[in-house]
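Everything below concerns the one structure shown next.
Number of protein chains: 2
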Amino acid sequence: MESTNAIDVLAALAQPTRLEAFRLVMQHEPHGLPAGEVARLLDVPQNTMSTHLAILARAGLISSERQSRSIVYRAEIDTVRQIASFLVNDCCGGRPELCEPLVAEFTPCCTPKEAGNACC
Amino acid sequence: MESTNAIDVLAALAQPTRLEAFRLVMQHEPHGLPAGEVARLLDVPQNTMSTHLAILARAGLISSERQSRSIVYRAEIDTVRQIASFLVNDCCGGRPELCEPLVAEFTPCCTPKEAGNACC
DNA sequence: ACCCTATTTCGACGATCGTGGAAGGACCGT
DNA sequence: ACGGTCCTTCCACGATCGTCGAAATAGGGT
Numbered sequence: 155m156e157s158t159n160a161i162d163v164l165a166a167l168a169q170p171t172r173l174e175a176f177r178l179v180m181q182h183e184p185h186g187l188p189a190g191e192v193a194r195l196l197d198v199p200q201n202t203m204s205t206h207l208a209i210l211a212r213a214g215l216i217s218s219e220r221q222s223r224s225i226v227y228r229a230e231i232d233t234v235r236q237i238a239s240f241l242v243n244d245c246c247g248g249r250p251e252l253c254e255p256l257v258a259e260f261t262p263c264c265t266p267k268e269a270g271n272a273c274c
Numbered sequence: 155m156e157s158t159n160a161i162d163v164l165a166a167l168a169q170p171t172r173l174e175a176f177r178l179v180m181q182h183e184p185h186g187l188p189a190g191e192v193a194r195l196l197d198v199p200q201n202t203m204s205t206h207l208a209i210l211a212r213a214g215l216i217s218s219e220r221q222s223r224s225i226v227y228r229a230e231i232d233t234v235r236q237i238a239s240f241l242v243n244d245c246c247g248g249r250p251e252l253c254e255p256l257v258a259e260f261t262p263c264c265t266p267k268e269a270g271n272a273c274c
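So the sequence lines, in the order shown, correspond to chains P and U.
In terms of my numbering, the first sequence opens at residue 155 and continues consecutively.
In terms of my numbering, the second sequence opens at residue 155 and continues consecutively.
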């Protein structure tokens with residue numbers, strides 16, 4: 155991910171209403187959530203939420219798909235991976251010793267029960 | 155990290171000049187970089203850069219320390235860890251199966267040579 | 001005390017953002 | 001074809017942001 159796209163992603167999430175909307179859509183993976191439902195659950199007018207969802211979609215954080223009357227939004231998890239990787243690699247670039255404590259933070263998330271498989 | 159602080163961090167990085175400044179300071183760990191040097195290297199007026207550095211500092215991404223005439227800025231790597239963790243945990247909350255591909259992205263950074271230790 | 005350097009703070013400007021009312025467009029049921 | 005639902009686009013408003021000249025503050029050297 156280049157800087158120009160990373161800035162779009164960061165800016166999209168750096169707004170309370172949009173961050174909440176994104177978290178809400180994320181929680182409803184993989185079913186997705188119609189735009190009106192997002193607006194209703196967060197108590198925001200539909201047109202305002204539509205603008206926010208468009209910004210999140212343009213940043214690649216969510217995707218939209220029409221289902222009859224509704225337009226269902228789904229989270230693009232790969233973009234989350236990319237932006238997190240962008241942040242971490244920005245620290246590690248040429249200095250792997252700074253990266254290690256960052257990686258340690260994520261591993262317990264992958265294996266909450268026990269360790270021992272190939273990755274963790 | 156709560157949402158309100160996460161938004162400050164995201165907003166601080168969601169700006170080209172500030173993102174470049176932060177990456178520059180990050181590259182000069184652990185020595186740090188004086189404010190004027192950051193402004194000179196990025197070809198930005200000192201007062202403009204001072205404002206940007208203050209925003210980064212208020213978000214907790216960098217810290218400042220006076221050294222005689224200069225004010226040296228250093229990166230706060232722990233905040234990077236926290237914001238990356240915030241992004242990833244937002245996806246994994248209640249859904250660990252979505253987290254695994256995210257974690258896999260970071261592990262090669264931790265062990266570029268070979269695998270086999272306790273964590274990775 | 002004075003000047004010089006380094007940095008921040010103040011103030012003002014145009015630009016962009018967040019919001020929401022109103023209108024427009026897409027789709028379905030009858 | 002018509003009304004109803006769902007969502008987006010258009011438009012305008014106040015608010016915040018990014019920028020930078022000018023002034024103010026802090027520190028060191030002579």
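No residue lacks a Cβ here, since even glycine has one placed at the ideal position from N, Cα and C.
Candidates E183(U), A175(U) and R212(U): closest to A189(U) by CA position: It is A175(U).
Return the bridge partner residues of Q221(U) from the DSSP annotation. For Q221(U), DSSP records a beta bridge to S224(U).
Rounded to whole angstroms, what is the Cα-Cα separation between N159(U) and S222(P)? Distance from the CA atom of N159(U) to the CA atom of S222(P), rounded to whole angstroms, is 39 Å.
Taking DSSP as the reference, what is the three-state secondary structure of L187(P)? Correct three-state label for L187(P): strand.
Is I161(U) closer than 8 Å to A238(P) when the C-beta atoms are compared? For A238(P) and I161(U), no; Cβs fall outside 8 Å.
I'd like to confirm the pairing. Which residues does DSSP put opposite I209(U) in its beta bridges? Listed as beta-bridge partners of I209(U) by DSSP are no residues whatsoever.
C-beta neighbour in chain P for V226(U), strict 8 Å: So, not an interface residue.
With three or more beta-carbon pairs closer than 8 Å as the criterion, would you say the segment 173–187 of chain U touches the segment 221–236 of chain U? In the pairwise beta carbon analysis, the segment 173–187 of chain U is classified as touching the segment 221–236 of chain U: at least three pairs are separated by under 8 Å.
C-beta contact flag for A208(P) and A166(P) at 8 Å: Taking C-beta atoms as the reference points, A208(P) and A166(P) fail to come closer than 8 Å.
Give the DSSP-derived three-state secondary structure of A168(U) in the structure shown. Residue state, collapsed to three classes: coil.
How many Å lie between L241(U) and R194(P) at the Cα? L241(U) and R194(P) have their C-alpha atoms spaced approximately 24 Å apart.
With 8 Å as the threshold, decide whether the Cβ of R177(P) is near any Cβ in chain U. Answer yes: the Cβ-Cβ gap between R177(P) and chain U drops below 8 Å somewhere.
How would you list, in chain order, the residues of chain P whose beta-carbon sits under 7 Å from the beta-carbon of A165(U)? Within chain P, the residues near A165(U) are A168.
For a quick check, are the C-beta atoms of L178(U) and L164(U) less than 8 Å apart? No, Cβ-Cβ distance for L178(U) and L164(U) is not below 8 Å.
Give me whichever residues DSSP pairs with I216(P) in a beta bridge. BP columns for I216(P) point to A229(P).
Note down, in chain order, every chain U residue with its Cβ under 7 Å from the Cβ of D244(P). From the beta-carbon of D244(P), the residues of chain U found nearer than 7 Å are R177 and M180.
From V192(P), R220(P) and Q200(P), residue whose alpha carbon lies closest to that of L173(P): Of V192(P), R220(P) and Q200(P), the residue nearest in Cα terms is V192(P).
Please confirm whether S217(P) has its beta-carbon closer than 8 Å to some beta-carbon of chain U. False, the Cβ-Cβ gap to chain U never drops below 8 Å.
Could you tell me the alpha carbon to alpha carbon distance between P199(P) and E251(P), rounded to whole angstroms? So the two alpha carbons sit approximately 47 Å from each other.
Looking at C-alpha atoms only, which residue of L187(U), H206(U), E156(U) and S157(U) is the closest neighbour of T171(U)? Ranking the options by Cα distance to T171(U), first place goes to H206(U).
So with Cβ pairs under 8 Å, would you call I237(U) a contact of chain P? Yes, I237(U) counts as interfacial toward chain P.
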